[in-house]
Structure formats: C-alpha cells, structure tokens
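The block underneath contains the structure these notes are about, expressed in structure tokens.
In the working numbering, the protein residues as written are 3 to 335.
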C-alpha cells in the first residue's frame, strides 16, 4: 500500500507509491532525451579559444590561455540590470523590475567532462568559485536572495552540454525559502531543536536511507523524498550560510558531491538532474545544504492539483541501490 509521508520542515505530504515502482535500469534515459554530444567545439561558447563568445570574465582561475574555471555573465539573464527594485501597485496587482544578477560557472575547460567525472580537486575549485561569487553578490544591498544551482541534461533544462552551473541573485526572497525558515522555526518552537540536525542524527543511527558520509557531510535519501532517487547532502555541523565553510569542509564537500553524483550517474545511466545549493543570509535559523533532484518522472495532474508528490521509489530502496554502486577504478578519485 502507498504511504503518505509528512516533510517535518515544509509540512508537505509526499506519497511513497512503491507498488508503482521501478528499478534503476528502468530510469535510464534514451539518447534522444539527452543533449546532443558533439566533437565540433568551435561553436561551444564555453570551450577554450571561444572566450570572446561569453564576454568579460567575472572570475577566472588560471591564465588567459590556460584556465581551469571561468565565471561569466549569462548572455540571456533571468535577472539583470542596475536599476532600483521599486514596487509598482495597480489595483490588487503588484510588480517590480527583475533586477539582479545571473552568472554562469564554466566548471572545466574540457567539453565532454561532467561534474561527476571531474577530479575532486577540480570539484573543489567549483565550490570555491561558488563561495567567491556568492560573497561578491552578497555585497549588493539590492539583492535579497542568492541561489546556486546546476541543470544537467536537456530534460533538466540545460541548453549547453559543456559542464556548467549557475548563480541567480534576486531582489525578493522566494516564498519557498520563507516556508523553509518558517518550518524550521515551527519545529524549533515545538521541539527546541534543529529539524535538519535531528534528521541527520536519526538517519545516521538508522542507516537505511544513508548513501555515504565523511567527516563533515552526509548524503542521504530524505524520508519524505518527493522524487525518485532524490538525494540531499547536508553538513553535519549546523550553519545557515554556505559561505562559512572552512578549507577542510570545502575539500570534504567536493569529495562527497563528486561521489554522490557519480553514484547517481552509474546507478541510473547519467540521468538528467537539477541540484540546488540552499543557503540564506536573511535568517540564522537555517541549515544550508544541497538537494539533488534526478529528473526521472513528470509531475502530472494529481501532483499539480494537490502538491502531493507521487514517488515510485521508496527512499530506503533508492539509498540501497546507490550504496551498492561499484566504482570503476578510473572514476574513483
């Protein structure tokens, strides 16, 4: 029988419908669903030699001709400009200019290397760039919320196959971010504890939804997972702000992020996915973390009409599959 599970933070219900379930091989995506792989890199704006196609660097690691990572402005930004974020009201409606920032982190000079296949040292550079650009955007008083995210694969919204992630800064705080804070405040008021810290403690004790851990982080399948093989990476030490990470924690994060993405890659056949680095600087009552969402299913009428998700793979089963992944020697580091 399907089971309704309540997320302790958002208070959203999730339907764990295992009788509709599938094995990892059933989620392998057909080639036509992926971005087209190409050997002609002359048209890729993110490849070395094509730097003029992306405009001036906001950040570069390495030299002009021998770089390892670049950050540039998105040529088609969702948020941009230097104007004021003034609100306009007309009747019951309200609007404001979409001022802000939209940046692209080009994670590697190599065209056909996904983040899961990069060396840990290179993944650490990506995380370092996240932190550096977050701190730079944080100085702009007009910007109220900053999201770091990654779209991998055509189904997940990526339009360029070259490995990259993005940062968007907005002049408003999204309602979903406020809801998380409110959920944590409600949990703290009831139990005098952090919901994420309690979650980590229980999952480490039980082990059934644990995927992998190291000294600083834990990767797990959340109890009320909304999507098949949804996986979270959480710091064991509570802090609201991602930018507070230490050098050791950045190394540990690079290692567990690569391993988690690689487990998903090998288990599910390089699935499309989104990941979001959720952090805040407008409230101390948070626990920053990364949520990875493989795009293996499509929200249909019931989900859209009720916001109750139908997840066909129990988190315990997903974690079991991910723990069982065997790593080829060449992908282990």
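Glycine included, every Cβ here is placed at the ideal spot set by N, Cα and C.
Here the structure is a predicted model, which means the values were calculated and not measured.
| Item | Value |
| --- | --- |
| Host beta strand (DSSP E) of residue 128 (start-end) | Segment 122–140 is the alpha helix (DSSP H) holding residue 128; no beta strand (DSSP E) there. |
| With 16 other Cβ atoms within 10 Å as the buried cut-off, status of residue 264 | buried |
| Nearest-angstrom Cβ-Cβ length linking residue 270 and residue 244, presumed shorter than 8 Å | So it is not a contact: roughly 26 Å between Cβ atoms. |
| Length of the line joining the Cα atoms of residue 11 and residue 52 | 45 Å |
| DSSP-derived helix/strand/coil call for residue 26 | helix |
| Enclosing beta strand (DSSP E) for residue 220 [first to last residue] | 219–222 |
| Close-in-space but distant-in-sequence residues of the same chain around residue 36 (CB under 7 Å, 5 per side omitted) | Low confidence applies to residue 36: its pLDDT is 48, below 50, so where it sits in the model is not reliable, and the reading given next is rough at best. If we look at residue 36 and ignore the five residues flanking it on each side, its Cβ neighbours are 155 and 156. |
| Residue 116 (DSSP reduced to helix, strand or coil) | coil |
| Residue of 280, 305, 273 and 79 minimising C-alpha distance to residue 298 | 273 |
| Residue 104 beta carbon less than 8 Å from that of residue 142 | no |
| Residues sharing a beta bridge with residue 75, DSSP | 105 |
| Local Cβ density within 10 Å of residue 249, reported as buried at 16 or more and exposed below that | exposed |
| Beta-carbon gap between residue 134 and residue 71 smaller than 8 Å | no |
| For residue 63, three-class secondary structure by DSSP | strand |
| Span separating the alpha-carbon of residue 55 from that of residue 47 | 5 Å |
| Backbone secondary structure at residue 293 - three-state DSSP | strand |
| Residue 323: first and last residue of the uninterrupted alpha helix (DSSP H) it sits in | 317–325 |
| Proximity winner among 303, 277 and 176, relative to residue 160 (alpha-carbon distances) | 277 |
| Burial state of residue 209 (16 or more Cβ within 10 Å) | exposed |
| Where residue 246 falls: helix, strand or coil (DSSP) | helix |
| At least 3 beta-carbon pairs within less than 8 Å: the stretch 116–128 vs the stretch 180–192 | no |
| Exposed unless 16 or more other CB atoms sit within 10 angstroms - verdict on residue 102 | buried |
| Three-way DSSP call (helix, strand, coil) for residue 167 in this model | strand |
| Proximity to residue 283 [Cα-Cα], best of 300, 148, 291 and 170 | 148 |
| As assigned by DSSP and simplified to three states, the class of residue 280 | strand |
| Residue 215, enclosing beta strand (DSSP E) - first and last residue | 212–215 |
| Alpha carbon of residue 222 to alpha carbon of residue 112, nearest angstrom | 30 Å |
| Cβ contact check for the stretch 289–308 and the stretch 174–183: 3 or more pairs under 8 Å | no |
| Assigned secondary structure, residue 12 (DSSP; H/G/I helix, E/B strand, else coil) | coil |
| Residue 154 in three-state terms, based on DSSP | strand |
| For residue 217, the nearest candidate out of 236, 200 and 227 (CA to CA) | 236 |
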